[in-house]
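Written below as structure tokens is the structure these notes are about.
Chains as they are written, first to last, in the numbering used here: chain A, 1 to 302; chain B, 1 to 478; chain C, 1 to 664; chain D, 1 to 213.
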């Protein structure tokens, strides 16, 4: 029960911090001071108090988009085990539910974007759904690998199971899967090299361009949802990359938070030292991720 | 009874030739047809009455089936003919009516004749009496069609005569007398001289195959069927072909009794599948819907011969197919005749939207197409399905597969033309023509279609028994 | 027994429902109302029968000798039939009600009665297909169904496009029927009769031949790639409620056929299941890729049907595989998922087709790039369409998810959980399914975006309004079904379990159950949770004081002052990248003008996504075959001389051919 | 007896070749008429005990083949006002060569077929088959409608020759029926020829090319 409470609390509170850490890291690389670590929280509070401007072409779909997206991502967060602890909701087949919740989020984000009737938002929507079509199979390859290793069909079981029996035979598949998943994380959360959240050219954006017309509380909801999604993916990746456990509950939570921040730093580093890919190269990157996960699967079942 | 069936129509033909009124003469057709049908039913119901004072005239079980089919078809066509001739008062129908009636008598003679020579005479006579029918329209095209019908038909039938002589010599060679009656042939079949029998079979297959319209002797068929009036087409495709098939069936019977199944089934399967293939090839892209029907007839003759080639397991289906094909051909030719009449054209370039212009005939034509291509639940489906099952029973899976494949080709070829005819928008200003469906030109087709449909859903027990008898007879189990 | 009679009566009522209208004038609305009433009454009667038949412990059989040389009139309902029957007795009746508004006799004088006649016949014959237990009866019902669908779909035969689509359908269905004819003939060889009862044992080769013929014969109807060629054309040519019935129900008859035959055949080798899985994967993936490339609203939906058939085939393949390898849990999950998806697709696809019909009814175009902005004018239809889209993308909490989830669970088990024996190649299907799912989201986001959102792309789409109650009602019922089955999928679990057990002939004692391997209760809980969260958020946004303060402005177009409706992202561009990714399969053709110089003149861009199989393979083949065949016409050129020569030639050929046979 | 008989049959064969060689329709009809008469005479000779049926058939044959049919055809010829077969498909010489090959083939082929003792050594079967083949040659290489009818008659003559083997086995009715059919057939064909002449103003079958694919 306590664990579940902490889970929910972390889920609700921690995500914006990651964005701050990433920005701080990037600033540090750029030799700047950068915004405060908690800047994202300030932004959210400010946005919540603002009033909205809605385009004349929009309908209820536009307003439903961020709301449903956030709800779906929150649900997904409840399915994802954090660190050494079980997820609050877990049942046989929940990985699929998890993946499809993210699909639901994507569906409403893109339709909301299309509701504006703007060419830019249309571009973003097109890219979002296209790239997801490549990253989703990669995730499922990874899930298959984990299911086989763990013998479980719950996310909690999958992510906790195989790490105990980490052996030479399973090392290679797991490493391949981890690389693939990291690429998926970058793509799904619109980070460099797939997308640049800080770019100023709408033509080259994915996620940011889809939310151009959202303002006020709705924009806040979107930003918060995006941070939440990053948090969840980070947690997923951590299970594969660094399944450290101490056995002591409070220490495990600390370890988890530290690892999470480390992931944020790593993302910041990647964003600082890499350039964004050409948009038409992105499918190749994602196909690469798909192949990595696929080879992992192949190595395991051969 | 044999004399009633054979002579009564001939007498009526003479009366028709004598009657002066062009308007009332056609009514002799239904009168003769009804009497003929009644006599047929009496004979068939009578069972043992299938004999006559003359030993050559016996109504055997296969003959019963053909007689019934032709009689029913003729009865319905005769009413149609009255309706049709009403539209053709511009021409004298004296020869037409007389020949049509004589044709009925000649065809009855074919079904009754148990002497191969006599049967030949009857079939040749059927060629001669139908020639003036094809020539009814008196156009250049119809002359050409008649000429080809007569000459190719005569050459073919001459070969059949040679084959008949060969067969007679085969029995003479075996030291038998009184040759050529079916009974004596069957009785001593195993002793017949093999080389003569083989040669005779080839000649008879080609000869009667020409009358049936098997490829490649079918060349007269599209011309004749295309130029003849619809009702004549129906009688040619449903009557003459059935009789020619009956002749071939008798030859098959003799060869089967002689134990020559291996030899004849090779030839029969070859001819049958070849005919189906040729029909398919010529149907694809066919723009003249009456010629298309002719090729469909070629195809169905092929089906019958394939069934015969498969032998005993498929005989039931084959005999049933004689019935279903004959009746369905009636539906198709009569409705095609109506459409031809209304549009004054038989090319799909002009004929479109028949369902709009002639809702009844168009629908019947379409239904007839579905029936003849073997769609359930029409009669031809059951018979073709039975033949396919027979092929599988006989272990002839390749034949069965080819059979189905050719059916598909034919469906595609025929369907394209039929749909062009019935669908679409009727030309806003069709050729000046006031033909519309009437009772006399519509009801007989509806009745035929109802029969075809009924045969696909329910075959009456007496009919089943009749076909069963015929199979047993052909298998010499009777 | 009474259940069977109920259903037979229902079949008669449905089949003849269109006839009374012929007693009335062509434009009479009364006739249509009578037909609809008969459809509804017949369907209710049938549903009672299904309920009774499933409740009864023993399968109800009625049989009678019949005046055909082959076959008996033998019918029965079992759990498998019941699942499909439920669909037959729901969707056509709803479509008929919809037709009152959509295809009123007063507006469609020439075609109304004919459509009604064949529509009813279609429904009745489908029900007969499902209860037939004799090969010949099955074929008759099957062909009646195929023909009724043909006439119902090509009711607007004035239009050459409709004729062409109908013609392709007719050839495809006939080819399929011929496969089935061969299949039943082989079935008789194997079992000695046409009775559709489980075969005890037969030669492996014969069983496989029957399976392959069934796959082809039924695959044509179901629309398995590459046998789907007829499907997009026919669905877009048909009136929308006919498309709904064809897509929602008639395709499932193909599925039913495969389900039935695999149940009757003895347990086959694993490659049967493998073939189905591969066919399903190809069908699903290619189907959705083609769907994304479409420019026509109804063609898009038709390709999406192909995709869903692919998903169903994958579930079925898993079940067949499980049966071959003796894994009851694969059977339960695979067949359970496939059947549930059949039902689900039978709910949301008709919903989408009816929605599309409502759009076409107002806007009179099916072209996506001429639509747009309808959400403001047709809010109710938009809402229902969104529900249908979410469901068809298999997104929680609607019904599409539940069924795909079952299939996923089964496929995950084939990977060999924790080292237990599995069949890992099959697990790749789960990955394919994931890709299909993601692409479906792309496809339907595109569809909703271009049809309902943004602003109108043409003047035509500036009009429009929500349709009348007769058209809305059926859609609401279908949407309600989607929501119900999505939130409470466990209500379907008992029939599915029954059906799967009947199919695999699992003994009562088999200790495994669908409920045990698939915790559908959790799906309900999680789905309800999701709804609750969304509702809470919606409520918060309502009661937050600031939320009311909303200003309206034009869409931000990055500084461009005069955005135009033609500057919106088009449907084609939305799918362009995905279509290009699948270029090898979809083979898009872009006609792109080269633009030179500083002030180029006006130019047009056109992209065409034809059906690769139909337009690049089948039709060119047919055209070439037609050309070659017409070459044979030189043999029929009216010279008597050659005709006589043929006769002589064939005599010689036959003489030679005969002696050649005699030698060995 | 057999030698006389065979000698007459050789004349039939020679007549075949003459028929192939001539290009004058008038002569062609005459040749075929004489062939018919000759066949009737052979029929009378072939029987050791001349029966009434055989006599009747032979007489009817002579009457029909030798006089009646040629008369009909000559009348048609007069009406058509043509004299010779212009440009046949192959030259008369080639026709004769073809006919010779066909005759040789017929002799070879008939060697394959077993004969009853009493017919052994007779040229009946080869003559019959050769004549049938010659009929086919005329039918396939000539263009005038009338010439084709002649070809058909030659074909029938061949069959008639074969029929001599069976004269005792065939009932009279059938035999007469065959002859009657032949007669009526040629009669009907001649009527059609007449109509062709009227409708097409020619007897050239190359004008009859309306009905083709």
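C-beta atoms are modelled at their ideal positions from N, C-alpha and C, and glycine is treated no differently.
For residue 523 of chain C, same chain residues with a beta-carbon under 7 Å away, outside a window of 5 residues either side, are 402, 405 and 489 in chain order.
Remark: fewer than three beta-carbon pairs, one from each stretch, lie closer than 8 Å, so the stretch 149-167 of chain D and the stretch 29-38 of chain B are not flagged as touching. The distance from the Cβ of residue 474 of chain C to that of residue 98 of chain C is about 5 Å, consistent with a contact at the 8 Å cut-off. By the neighbour-count definition (other C-beta atoms within 10 Å, threshold 16), residue 203 of chain C is an exposed residue. Chain-order list of chain D residues neighbouring residue 143 of chain B: 192, 195, 196 and 199, by C-beta distance under 7 Å. Counting of Cβ neighbours within 10 angstroms places residue 134 of chain C among the buried residues, the total reaching 16 or more. No Cβ of chain B is located within less than 8 Å of the beta carbon of residue 43 of chain D.
Contact note: residue 140 of chain B reaches chain D through 199, 200 and 210, using a C-beta cutoff of 8 Å and chain order. C:233 is the residue among C:171, C:233, C:176 and C:185 whose C-alpha sits nearest the C-alpha of residue 161 of chain C. For residue 355 of chain B, the closest C-alpha among the options C:280, C:158 and C:466 is that of C:158. Between residue 12 of chain C and residue 339 of chain C, the gap from beta carbon to beta carbon reaches 8 Å or more.
Taking C-alpha positions only, residue 117 of chain B is separated from residue 346 of chain B by approximately 39 Å. By the neighbour-count criterion, in which 16 or more other beta carbons inside 10 Å mark a residue as buried, residue 24 of chain B falls on the exposed side.
Only 644, 645 and 648 from the stretch 644-658 of chain C bring a Cβ to less than 7 Å from some Cβ of chain D.
Considering only C:69, C:3, C:114 and C:103, the residue with the shortest C-alpha distance to residue 17 of chain C is C:114. The Cβ neighbour count for residue 63 of chain A, taken over all protein chains shown within 10 Å, is at least 16; the residue is labelled buried. From the listed residues C:332, C:581, C:456 and C:442, the smallest Cα separation to residue 407 of chain C is found for C:332. Counting along the chain, residue 52 of chain A sits inside the beta strand (DSSP E) bounded by residues 52-55.
Relative to residue 248 of chain B, the option among B:212, B:279, B:280 and B:225 whose CA is nearest is B:212. Between the alpha carbons of residue 59 of chain D and residue 177 of chain D lies a distance of about 14 Å. Contact of residue 202 of chain B with chain C by beta-carbon distance below 7 Å involves 651, 654, 655 and 658. Here residue 196 of chain A has 276 as same chain residues with Cβ atoms under 6 Å from its own Cβ, once five neighbours each way along the sequence are excluded. Within the same chain, 280, 283, 284 and 287 come within 6 Å of residue 310 of chain C by CB-CB distance, once the 5 residues on both sides are set aside. In this structure residue 32 of chain B does not touch residue 102 of chain B by the C-beta definition: roughly 10 Å separates them, more than the 8 Å allowed. CA-CA distance, residue 10 of chain B to residue 3 of chain B, rounds to 10 Å. Counting only runs of 4 or more residues that sit fully inside the stretch 106-189 of chain B, the alpha helix (DSSP H) segments are 116-134, 140-173 and 182-187, in chain order.
Neighbourhood of residue 638 of chain C in chain D, by CB distance below 8 Å: 208, 209, 210, 211 and 212, in chain order. Residue contact with chain C for residue 247 of chain A: absent (no Cβ-Cβ distance below 8 Å to any residue of chain C).
DSSP lists C:607 as the beta-bridge partner residues of residue 590 of chain C. Rounded to whole angstroms, residue 482 of chain C and residue 268 of chain C show a C-alpha spacing of 35 Å.
Only residues of its own chain outside the window of five on either side were considered, and among them 108 have a CB closer than 6 Å to the CB of residue 68 of chain A, listed in chain order.
Against chain D, a Cβ distance below 9 Å from residue 163 of chain C picks out nothing, because the smallest value is about 25 Å. In the DSSP assignment, residue 552 of chain C falls within the unbroken beta strand (DSSP E) covering 550-553. In the DSSP assignment, residue 367 of chain C is bridged to C:296.
In this structure, DSSP gives residue 74 of chain C an extended state, which the three-state scheme calls strand.
By the criterion of a C-beta distance shorter than 8 Å, residue 273 of chain A is surrounded in its chain by 29, once the five residues flanking it on both sides are discounted.
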